[in-house]
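Report on the structure given below.
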Amino acid sequence: MKILLTGSFGNVGLSTLEELIRKNYSIRVLDIYNKKNRRIASKYKDQIDIIWGDLRNPKDVEKAVEGQHVVIHTAAIIPPLADKKPKFAESVNVGGTKNIINAMKSQPQKPKITKIIPFSKKTSFLFFRFRQILKYYIRYRDF
């Protein structure tokens, strides 16, 4: 099973990544190339296929989605940055999600999207429980 994980080096994505690795899935990740992400990625470099790119760039997203069976989309700009830069947050959260959906539609064999996780002030309180929910979801969910 080939799984694309977006936002893999953020809080939610990293919990997801660790659980997917534990379950021995073939994992491709799409994330922004920066110092923090490079440091985190170095721990997993032999276990994952890393695509450095931007959700707002359709070509980056198409490259990441190509050949995948499942997409787990956890990338998002969340508060407080989302509150400080709402246009940026919208371009990533809405525009990036549209790019993922369009890239999936363009594939000869359509990947299955298992989760889109939108974050806002109202939903971010769920953040702390996500790891437990994720472990349950991956354990009992048949991809």
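Numbers in the numbering used here are just positions in the sequence shown, counted from 1, shifted up by 18.
The C-beta atom is built at its ideal place from N, Cα and C for all residues, glycine as well.
Since the model is a prediction, treat every value here as computed from it, not as a measurement.
Inter-stretch contact (C-beta, 8 Å, three-pair minimum) for the region 82 to 91 and the region 115 to 129: yes
Buried versus exposed, by CB contacts within 10 Å (16 or more), Y43: buried
Since D49 is in the beta strand (DSSP E), which residue starts that stretch and which ends it? 44 to 49
CB I45 to CB L35, shorter than 9 Å? yes
With a threshold of 7 Å on Cβ separation, who are the neighbours of P104 within its own chain once the five nearest residues in sequence on each side are excluded? Cβ neighbours of P104 within its own chain (closer than 7 Å, five residues either side excluded): none.
Roughly how many angstroms lie between the CA atoms of F137 and V47, to the nearest whole one? Only weak support exists for where F137 lies, its pLDDT of 45 falling under 50; the value from the coordinates is given anyway. So the alpha carbons of these two residues sit roughly 20 Å apart.
In chain order, what residues of the same chain lie with their CB nearer than 6 Å to the CB of I58, ignoring the 5 residues before and after it? These residues qualify, in order along the chain: F27.
Go to Q67, then tell me how far its beta strand (DSSP E) extends in each direction, as first and last residue. Per the sequence presented here, residue 67 reads as Asp, with Gln not at that position. D67 -> beta strand (DSSP E) spans 66 to 70.
Mind checking who V112 pairs with in its DSSP beta bridge? Looking at the DSSP assignment, V112 forms no beta bridge with any residue, so it has no partner.
DSSP three-state assignment for T34, whether helix, strand or coil: Of the three classes helix, strand and coil, the one that applies to T34 here is helix, per DSSP.
Quick one: Cα of I69 to Cα of L22, how far? Spanning the alpha carbons of I69 and L22 requires a straight line of approximately 10 Å.
To which residues of the same chain is S109 closer than 8 Å at the C-beta, ignoring the five residues directly before and after it? Excluding residues within five positions, the ones whose Cβ falls inside 8 Å are R74.
Inter-residue Cα distance where the pair is M19 and A94: 24 Å
How big is the Cα-Cα spacing for G114 and G25? 11 Å
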